[in-house]
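**Q** Structure in structure tokens, see below.
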Amino acid sequence: MPTTQPSLSTARLHLLPAESAWARAMLDYQVRNREHFAPWDPTPGGMFYTELFWAMRMRQREMDWKDSRGALFLVMPEKEAGRVIGTVSLSNINRGVFQGCHLGYNIDHAHQGQGLMREAVEAVIAFAFGTLKLHRVQANYQPENERSAALLKRLGFQIEGHARDYLFLNGAWRDHVLTSLINRNYDHTPLQA
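Residue numbers (the numbering used here): 772 to 964.
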């Protein structure tokens with residue numbers, strides 16, 4: 772993996788790596804989308820809606836990159852630099868015989884239905900398969916999350932199964948649909964574990 776997490780760009784977006792300097796912008800993003808994210812996220816703790824929490828969270832995501840465990844990209848419109856309207860993450864990066872990770876994403880309620888999430892996720896998947904040389908990206912969603920189901924289907928993810936009581940979100944255990952996307956151009960040259 773590169774020493775420093777790179778920024779990515781698309782036709783309409785900048786995807787910037789997590790840094791503690793973005794704590795205030797992330798707090799603003801979370802406050803704006805509090806109700807929108809509630810059905811899909813864990814119940815937030817007492818400090819969640821504070822700048823201190825987001826400074827610590829951004830530092831942790833920086834460490835994830837340095838430890839080769841993950842990458843968080845903050846999605847910003849090209850015309851609104853500094854305003855976070857989404858995030859895309861690669862987590863649980865696992866090398867060895869697996870060479871895969873989990874994909875996570877969310878977008879501001881005011882920017883849904885414009886193709887921005889697809890644009891951002893496509894860029895991150897290209898990064899995962901190209902720069903990071905991963906073989907597999909997994910993404911899971913709650914069955915009632917029709918937007919996520921449609922996005923993943925458009926991106927070519929295949930359903931691999933269903934997991935009962937998979938994650939504790941919004942105060943209860945939630946079932947999830949398990950999907951994955953395989954890098955068909957994967958270079959099978961032996962890698963370091």
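Glycine included, every Cβ here is placed at the ideal spot set by N, Cα and C.
Only a predicted model underlies this, so the values are computations on that prediction, with no experimental measurement involved.
Span of the alpha helix (DSSP H) holding L922?
**A** To locate residue 922, count along the sequence shown from 1; it is residue 151. Note, L922: alpha helix (DSSP H), 917-925.
**Q** Counting only runs of 3+ residues fully inside the region 876-918, write out the beta strand (DSSP E) ranges in chain order.
**A** Those beta strand (DSSP E) runs which fall completely within the region 876-918 and span 3+ residues are 907-912.
**Q** Between the beta-carbon of R830 and the beta-carbon of S791, is there less than 8 Å?
**A** Taking the first residue of the sequence shown as 1, we reach residue 830 at position 59. Taking the first residue of the sequence shown as 1, we reach residue 791 at position 20. Result yes, Cβ atoms of R830 and S791 sit closer than 8 Å.
**Q** Count the other CB atoms, across all protein chains shown, that sit within 10 Å of the CB of W825; report buried if there are 16 or more and exposed otherwise.
**A** Here residue 825 corresponds to residue number 54 of the sequence shown, with the count starting at 1. With 16 or more Cβ atoms within 10 Å of its Cβ, W825 is classed as buried.
**Q** Enumerate, from N- to C-terminal direction, the unbroken beta strand (DSSP E) stretches of 3 or more residues contained entirely within the region 820-856.
**A** Annotation: the region 820-856 contains the following complete segments of the beta strand (DSSP E) (minimum length 3 residues), in chain order: 842-848.
**Q** Look at V859 and L786 and say whether their C-beta atoms are less than 8 Å apart.
**A** Residue numbering aside, residue 859 sits at position 88 when the sequence shown is read from its first letter. Residue numbering aside, residue 786 sits at position 15 when the sequence shown is read from its first letter. Yes, Cβ-Cβ distance for V859 and L786 is below 8 Å.
**Q** Applying the criterion that 16 or more other CB atoms from any shown protein chain within 10 Å of the CB defines a buried residue, is V892 buried or exposed?
**A** As a first step, residue 892 is located in the sequence shown; it is residue number 121 there, counting from the start. When all chains shown are included, V892 counts as buried.
**Q** Could you say which of R783, T774, P813, I856 lies nearest to D835 if we only look at CA atoms?
**A** In the sequence shown, counting from the first residue as 1, residue 835 sits at position 64. Closest option to D835, Cα to Cα, is T774.
**Q** Could you tell me the distance, in whole angstroms, from the CA atom of L923 to the CA atom of R803?
**A** Your numbering for residue 923 matches position 152 in the sequence shown. Your numbering for residue 803 matches position 32 in the sequence shown. C-alpha separation (whole angstroms): 25 Å.
**Q** I'd like to confirm the pairing. Which residues does DSSP put opposite G871 in its beta bridges?
**A** Within the sequence shown, residue 871 is the residue found at index 100, counting from 1. Paired residue(s): N865, R907.
**Q** Could you check what DSSP says for H807 in three-state terms: helix, strand or coil?
**A** For the purposes of this step, residue 807 is taken as residue 36 along the sequence shown, with counting starting at 1. Correct three-state label for H807: helix.
**Q** Whose C-alpha, out of Q913, Q776, P788, is nearest the C-alpha of A943?
**A** Locating residue 943 in the sequence shown gives position 172, counting from the first residue. If you compare the alpha carbons of Q913, Q776, P788 with that of A943, the shortest gap goes to Q913.
**Q** Just to check my reading of the structure: A899 and L905 have Cβ atoms closer than 8 Å, yes? What is that Cβ distance to the nearest angstrom?
**A** Taking the first residue of the sequence shown as position 1, residue 899 is located at position 128. Taking the first residue of the sequence shown as position 1, residue 905 is located at position 134. Going by Cβ atoms, the distance from A899 to L905 rounds to 5 Å, so yes, they are a contact pair.
**Q** How many Å lie between E805 and H959 at the Cα?
**A** Here residue 805 is taken as the residue at index 34 of the sequence shown, counted from 1. Here residue 959 is taken as the residue at index 188 of the sequence shown, counted from 1. Before going further, note that residue 805 is Arg rather than Glu in the sequence given. C-alpha separation (whole angstroms): 43 Å.
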